[in-house]
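Just remember that our numbering sits 205 ahead of the position in the sequence shown, which is counted from 1.
Note that CB positions come from ideal geometry on N, CA and C, so glycine has one too.
In this text the structure is predicted, and so the values were computed from the model without any measurement.
Each remark here refers to the structure printed beneath this line.
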Amino acid sequence: MLIGLLIALLMVMALLIMMMKWHTKRLPGFVALLAPLIASGVFIYHIPQVLNHHYVTETYRWLPAYDINMVLRLDGLSLFFALLISLIGVAVFFYATQYLSYEHDDLPRFFTYLILFMFSMIGIVLSNNTIILYVFWELTSVSSFLLISYWYDRSESQQGAMTSFMVTVFGGLAMFVGFIMLYVMTGTNTITEQIAQRESIAAHPLFIPMIVMLLLGAFTKSAQWPFHFWLPKAMAAPTPVSAYLHSATMVKAGIFLLLRFTPILGYSDFYTYSVTFVGLLTMIYGSFTAIRQSDLKGILAYSTISQLGMIMSMVGLGGGIAKATDSVMLEAYAYILFAAIFHLFNHALFKATLFMGVGLIDHEAGTRDIRYLGGLRRYLPLTMVAMFAASLSMAGVPFLNGFISKEMFFEGLIHAHELSAFNKVGMVVITLVGFVASIFTFIYALNMIKVTFFGELRIQKHLHEPKLFILPAIVLAVLLPFVFVVPNVIGTYIIEPAFSSVVVTAEATSHAPHLAAWHGFNTPLMMSLAIIIVGTIIVLRVDLMKFVVQKAEKWTLPNVLKYSGQSIENYSGWGLRALMNNRLNYYIIVTFSIYFLINLYGLYRVGVPELYRIEVTDYHIFHVLLLVTIVLIGFALIFIRQRLTMVILTGGIGYAVALFFILMRAPDLALTQLVTETITTVLFIVSFSRLPNIPRGQFNLKRESVKIIVSLMTAVTVVGLVFMIQQADALETISVYYHDAYEKSGGKNIVNAILGDFRALDTMAEGLVLMIAGFGIYTLLNFKDRRGQDERE
């Protein structure tokens with residue numbers, strides 16, 4: 206019950222912070238800080254239990270008929286990610302209390318969004334049901350959208366939020382399709398049960414399509430090429446959001462997804478090749494592009510893309526452990542997969558530290574552009590120490606935690622030929638790519654520190670370094686050498702349980718490597734020394750490097766796509782402006798014309814029936830009189846120019862139709878028609894009575910003829926639908942399925958049964974539409990014009 210209570214508590218805290226009236230502006234941030242503190246305490250409490258493989262599972266039934274239940278499972282992998290999310294969350298939440306302005310920022314709104322973000326990510330890693338995982342997955346997209354667009358009056362915030370939302374939601378939908386395929390293959394949505402059927406899944410025809418769908422979800426969420434472009438745009442968010450998003454939350458969700466399903470996905474060499482090469486391509490592209498960035502957050506954004514690519518390539522290389530049986534291959538797979546999890550931990554530490562340092566620089570200096578920074582070491586010494594340690598850790602320099610995982614990365618690449626999916630040629634290629642990307646990583650990491658903190662001071666303003674502001678970054682920076690000195694503390698209590706949950710089998714778990722700071726004089730060490738020497742020399746020639754990168758980048762695929770996208774956007778804009786001209790009559794004409802074309806296609810499919818086959822019921826003189834009345838009123842509406850008269854006559858047509866229903870012995874339809882027609886007529890009359898009774902424009906034969914033609918086309922559409930419905934032999938009937946409504950749903954009224962059971966999701970969606978409309982009306986009624994307010998402040 207403890208895990209479920211934590212999830213509920215986080216949601217309640219988010220709602221309370223938003224709804225409560227705060228008398229002290231500083232208080233919401235410190236109350237919100239309780240959320241990651243409580244979560245951290247809960248997960249730390251469970252470490253001994255998970256270490257002994259006593260996993261916690263809690264089930265809350267929701268839709269058991271469809272196997273959609275709130276199933277929460279705390280095993281080694283979910284505990285590893287939950288600890289990252291909550292502990293880094295403590296640092297980020299505290300940092301946010303110092304970063305945001307109490308006078309100008311809406312702190313309850315910000316911290317509500319931040320708790321929702323943490324809640325969504327914790328929900329992902331704890332979910333043991335694919336549908337629930339998908340719900341939390343999309344909640345991270347929604348909450349990140351709210352956080353990135355927090356400063357909604359800025360165009361870059363709006364653009365960044367929309368871009369990230371569209372890309373990640375697209376990937377989420379693809380992942381959802383993959384989950385549906387998994388359900389088709391296994392008959393269950395429970396992840397552990399699906400993993401237990403991994404061998405039968407690997408033999409299913411939907412196996413490869415399912416992998417493609419899950420990879421789309423993982424690649425979009427973790428900003429892998431070519432879906433990486435949303436991440437730099439997300440830098441418009443406040444820096445605490447960037448620190449959290451890049452280090453421990455959203456971008457790590459894709460990696461978590463692949464790790465969670467590695468026992469299934471690893472059965473395919475297609476998965477191994479795809480993830481490995483996409484990861485390495487992303488790594489080298491991100492590190493290459495980071496060199497030419499002048500914005501500190503831009504450098505860190507592309508460095509995150511690069512580091513995520515590095516982790517992704519290790520996850521891909523180690524995925525084959527799912528089907529490995531040979532002891533040597535098991536050891537090789539286990540080594541690189543263990544390194545992936547360890548580097549994921551290291552990346553969270555140094556990336557959060559770097560973002561917090563950059564946020565303080567931006568806050569105090571008023572800029573993040575390294576072209577206008579320099580000499581900050583004299584005024585921000587603690588910031589320099591924290592960022593310098595984090596940058597060197599990211600670059601893989603000895604005596605810091607990043608060095609160990611980078612050495613393991615090189616070791617895994619070098620021994621890739623021992624894996625079933627790679628030969629020696631492939632090993633040479635991927636090792637060379639990893640080596641060159643690591644040189645680029647060293648260049649931008651060292652250059653960022655050199656340009657920002659050394660040289661001459663260019664900022665003409667007083668700088669100071671608030672101690673509480675930089676405290677979270679200092680605490681995280683201290684952990685960087687600590688992990689290097691005692692890596693097995695982290696390895697034994699956090700990394701190894703996560704590794705065991707990924708590989709599932711006890712035989713694979715037994716091959717977990719032993720973390721050590723020193724691996725002796727070997728090839729990875731030689732590669733690291735070469736990177737340090739070459740990178741240091743190039744940093745001294747950074748202007749030349751920028752020139753080379755700028756020239757080369759003009760011909761990269763993203764720029765080609767960018768220019769092509771601009772052309773497509775221009776043509777799309779022209780088409781949209783031609784269609785959306787703010788004329789209601791035009792919209793109606795276009796809509797009915799499309800219906801008419803669809804009807805023609807339907808008649809083409811089923812065929813036009815012969816006249817003798819058309820069933821015509823008996824009719825009475827009253828039917829003829831009503832029909833003549835409706836036709837006369839319709840013609841009158843063409844010539845009448847007064848609006849109120851038109852409303853009354855239109856109501857007359859509605860009442861005549863109601864009389865038709867009565868004559869055809871359909872009292873329920875007649876009653877519905879009378880009520881609806883009365884309400885709409887009264888509403889129109891009341892509305893128009895309060896407006897000037899301005900007559901319509903003069904009669905125009907050409908314009909009215911178009912309207913008559915469209916009306917006749919609409920009539921033909923309705924009659925055509927009747928013809929198609931009457932051809933029972935051409936179309937399969939659905940009435941038999943609904944005829945057993947009482948037995949299937951227990952409903953005695955077939956209409957209610959269809960709405961409440963057979964089409965329950967449609968009915969629910971209609972209710973959601975009404976709720977959204979209500980929120981929209983409420984927002985408009987309470988809208989305050991804020992234009993120019995920021996400038997006045």
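Residue i, DSSP secondary structure in three states
| i | result |
| --- | --- |
| Met225 | coil |
| Thr335 | helix |
| Gly770 | Low local confidence applies: a pLDDT of 48 at Gly770 is under 50, so the model's placement there is unreliable, with the coordinate-based value given in what follows. DSSP places Gly770 in helix when its eight states are reduced to three. |
| Thr262 | strand |
| Asn787 | coil |
| Met206 | coil |
| Trp435 | helix |
| Leu268 | strand |
| Asp574 | strand |
| Asn1048 | Residue 1048 is absent from the structure shown; the chain starts at 206 and stops at 998. |
| Asp967 | helix |
| Asp823 | coil |
| Thr395 | strand |
| His568 | helix |
| Gly925 | helix |
| Asn693 | helix |
| Trp723 | coil |
| Thr373 | helix |
Nearest neighbour of residue i, chosen from the options [CA to CA]
| i | options | result |
| --- | --- | --- |
| Phe381 | Ala408, Ile835, Ile416, Ala495 | Ile416 |
| Leu585 | Ala594, Leu565, Ala600, Met599 | Leu565 |
| Trp267 | Met275, Val261, Ser348 | Met275 |
| Met589 | Glu971, Val656, Ala428, Glu701 | Val656 |
| Ile853 | Ala717, Glu948, Val374, Ile884 | Ile884 |
| Leu542 | Gly580, Ser532, Ile700, Tyr947 | Ile700 |
| Glu569 | Met390, Thr487, His667, Leu279 | His667 |
| Ile413 | Gly383, Ile890, Pro431, Pro437 | Gly383 |
| Ala244 | His259, Asn257, Lys226, Phe286 | Phe286 |
| Val862 | Gly807, Thr877, Pro718 | Thr877 |
| Met390 | Ile400, Ile406, Tyr355 | Ile406 |
| Gly459 | Asn334, Ser427, Leu505 | Ser427 |
Cα-Cα separation between residue i and residue j, rounded to whole angstroms
| i | j | result |
| --- | --- | --- |
| Phe316 | Asp272 | 34 Å |
| Ser492 | Tyr649 | 8 Å |
| Ala621 | Ile635 | 9 Å |
| Gly951 | Asp962 | 10 Å |
| Gly523 | Leu624 | 9 Å |
| Asn606 | Val680 | 15 Å |
| His724 | Ile695 | 18 Å |
| Phe434 | Gln512 | 15 Å |
| Phe350 | Phe801 | 40 Å |
| Leu331 | Thr264 | 11 Å |
| Gln303 | Leu284 | 29 Å |
| Ala594 | Ala678 | 11 Å |
| Ile793 | Tyr490 | 49 Å |
| Val765 | Ile222 | At Val765 the pLDDT is 49, less than 50, meaning the model places this residue with poor confidence; the figure from the coordinates comes in the next sentence. Those two C-alpha atoms are separated by around 46 Å. |
| Leu805 | Tyr942 | 28 Å |
| Pro686 | Asn693 | 13 Å |
| Tyr731 | Phe608 | Looking at the sequence provided, one finds Met at residue 731 rather than Tyr. Whole-angstrom Cα-Cα distance: 13 Å. |
| Pro917 | Ser798 | Residue identity differs from the one stated: residue 917 is Leu in this sequence, not Pro. One C-alpha to the other measures close to 11 Å. |
| Ala703 | Gly281 | 4 Å |
| Leu436 | Val533 | 39 Å |
| Gly365 | Ile575 | 22 Å |
| Asn790 | Leu966 | 33 Å |
| Asp873 | Phe866 | 9 Å |
| Pro269 | Met969 | 18 Å |
Distance cut-off 6 Å: residue i Cβ against heavy atoms of the ligand COA
| i | result |
| --- | --- |
| Gln364 | Absent from the structure shown: the ligand COA. Ligands present: none. |
Every unbroken beta strand (DSSP E) within the region 845 to 922, with a cutoff of 3 residues, ordered by chain: none
Examine the Cβ distances between the region 634 to 645 and the region 608 to 624 and report whether three or more of them are shorter than 8 Å. yes
Can you list the alpha helix (DSSP H) stretches of 4 or more residues lying completely in the region 278 to 342, in chain order? 281 to 304, 312 to 331
Determine contact between the region 417 to 433 and the region 280 to 295, defined as no fewer than three beta-carbon pairs at a distance below 8 Å. no
Within 8 Å, do at least three Cβ pairs link the region 544 to 561 to the region 465 to 474? no
Uninterrupted alpha helix (DSSP H) stretches inside the region 424 to 506 (no shorter than 4 residues): 435 to 438, 444 to 452, 455 to 465, 467 to 470, 474 to 495
Validate contact between the region 210 to 217 and the region 322 to 331 using beta carbons, cut 8 Å, 3 pairs: yes
Using 8 Å as the cut-off, can you tell me whether the region 501 to 521 makes contact with the region 546 to 557, which would need three or more C-beta pairs spanning the two stretches below that distance? yes
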